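Below is one structure; the comments refer to it alone.
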Amino acid sequence: MSTTIAPARESVRATDRVATARRRVTVGETFSQTMTLAWRALKRMRRNPEQFFDVALQPILFTAMFAYVFGGAIAGDVESYLPLMIPGILAQTVLTTCMATGTQLREDMEKGVFDRFKSLPIARIAPLAGPMVADLLRYAIAATLTFGMGIVMGYRPGGGAGGVLAAILLAIFTGWSLAWIFTWIGTIARSAQAVQGISMMILFPLTFLSNAFVPVESLPDWLAAFVRINPVSHLVTAARDLANGGLVTGEVAWTLVAGLISIAIFAPLSVRSYKRHM
């Protein structure tokens, strides 16, 4: 009889140890763990500089291409088109950059990287939020290069350095908040290719069916109605108001609200879906 009791007691003690290891993580610990995983992601970026190719080349190529292809047709000349186009390129570049968040997450899950986190007493949001915090650097590089290329081509923002900085910060926040959507897609899709395909189907219509590259007045009424309620249009208009005039308008508030709503909805969904793989 004693031989059956001992294993049972050992099993109970093991269960207690697991329960203790999975105690509730405090807010301070969650922040610390998120920053630790963000640092891990930054170190991986340093070892794999190709992760910066898209944020380094896309702003330069897209700014030059759109300016010289559409500048004369839409605004009469390139310099007149730049105040309209640069905020649009800013939104497009940051949003395209945040799309890579879900793809990278799915690749890590397929490689088994997240399997090591299963036994650790860490907050379940930390493995998701950590890389996203690291991606803020990529957003900042992309946004800065967009304005830098515009200035080289003759763009002179009327809002000054303060307006440009505010537009960049707003775009970074929007990109980070919308990245939660692609993070959620990364947790439910079956492959990295599927994440990329779904993300492009969402992102490209939102980007090009906006006021990023053409005035709303030039669009058909039915399309203009959608463009006016498109969240990307609010970001582009807010960035124009900040960079071109240094004005904090209601578009800034709408953009911030849309970002907060995205975080409130898709951050919990991402964590819940991620737990299913744990």
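Start counting the sequence shown at 0; every next residue gets the next number (numbering that gives the first Met the number 0).
Where a beta carbon is used, it is the ideal one built from N, C-alpha and C, also for glycine.
Quick caveat, the model's predicted, so the values are computed rather than measured.
Considering residue i, what are the terminal residues of the alpha helix (DSSP H) in which it resides?
i	result
Ala217	The question names Ala, but residue 217 in the sequence shown is Ser. Segment: none, Ser217 is in no alpha helix (DSSP H) and carries neither H nor E.
Pro267	249-274
Ser190	No alpha helix (DSSP H) holds Ser190; DSSP gives it neither H nor E.
Ser232	230-244
So, for residue i: in the same chain, excluding its five sequence neighbours on each side, which residues have a beta-carbon less than 6 Å away from its beta-carbon?
i	result
Glu78	Gly153
Val251	Ala237
Ile124	Val270
Arg239	Pro86
Pro82	Asn243
Ala257	Pro230
Phe61	Ile88
Leu246	Asp240
Thr14	Model confidence at Thr14 stands at a pLDDT of 43, short of 50, so the residue's coordinates are unreliable; what they give is reported in the following sentence. Around Thr14: no qualifying Cβ.
Please report the straight-line C-alpha distance between residue i and residue j, rounded to a whole angstrom.
i	j	result
Pro48	Gly101	19 Å
Ala165	Asn210	20 Å
Ala99	Tyr67	27 Å
Gln103	Thr35	18 Å
Trp38	Trp253	32 Å
Leu205	Arg227	11 Å
Gly174	Ile88	13 Å
Lys42	Pro126	15 Å
Leu268	Asp76	46 Å
Ala72	Thr182	38 Å
Pro120	Val24	8 Å
Ala266	Met131	11 Å
Leu218	Ala55	32 Å
Leu278	Gly70	Because the chain here runs from 0 to 277, residue 278 falls outside it and cannot be looked at.
Met84	Leu144	14 Å
Glu109	Ile260	29 Å
Phe116	Ser176	24 Å
Gly27	Phe146	36 Å
Asp220	Phe212	17 Å
Gln57	Val235	18 Å
Gly149	Ala122	42 Å
Ile155	Ala63	Rather than Ile, the amino acid found at residue 155 in this sequence is Arg. Whole-angstrom Cα-Cα distance: 16 Å.
Asp53	Ile59	10 Å
Gln91	Gly249	21 Å
Ser31	Arg275	24 Å
Ala160	Thr29	35 Å
Ser232	Ile167	16 Å
Thr2	Gly111	Summary for Thr2: the model assigns pLDDT 49, below 50, so the residue's position carries little reliability, and this model does not support an answer.
Met199	Phe65	19 Å
Arg46	Ala74	43 Å
Tyr80	Phe51	28 Å
Since residue i and residue j are thought to touch, with beta carbons under 8 Å apart, how far apart are those beta carbons, to the nearest angstrom?
i	j	result
Ala188	Ile197	6 Å
Ala242	Val163	5 Å
Met44	Ala133	7 Å
Leu202	Thr95	7 Å
Please go through the same chain and pick out, in chain order, the residues whose beta-carbon is closer than 8 Å to the beta-carbon of residue i, but skip the five residues on each side of it.
i	result
Ala263	none
Gly244	Gly157, Gly158, Gly162
Ile171	Val93, Leu135, Tyr138, Ala139, Ala142
Leu169	Leu234, Ala237, Ala238, Leu241, Val251, Thr254, Leu255
Leu208	Leu222, Phe225, Val226, Asn229
Near residue i, which residues of its chain fall below 7 Å by C-beta distance, leaving aside the five closest residues on each side in sequence?
i	result
Arg105	Gly185, Ala188, Ser190, Ala191, Val194
Ala128	Thr33
Ser272	Trp183, Thr186, Ile187
Ala40	Gly129, Pro130, Ala133
Val215	Ala223, Val226, Arg227
Ala20	In this prediction, Ala20 has a pLDDT of 49, which is less than 50 and means its spatial position is unreliable; what the coordinates show is noted afterwards. Cβ within range, chain order: Pro120.
Run through the stretch 10-96 for me and flag every whole alpha helix (DSSP H) of 4 or more residues, listed as ranges in chain order.
Fully enclosed alpha helix (DSSP H) runs of 4 or longer: 26-46, 52-74.
Starting from the N-terminal side, write out each stretch of the alpha helix (DSSP H) that is 4 residues or longer and does not extend beyond the stretch 94-182.
You should have 125-151.
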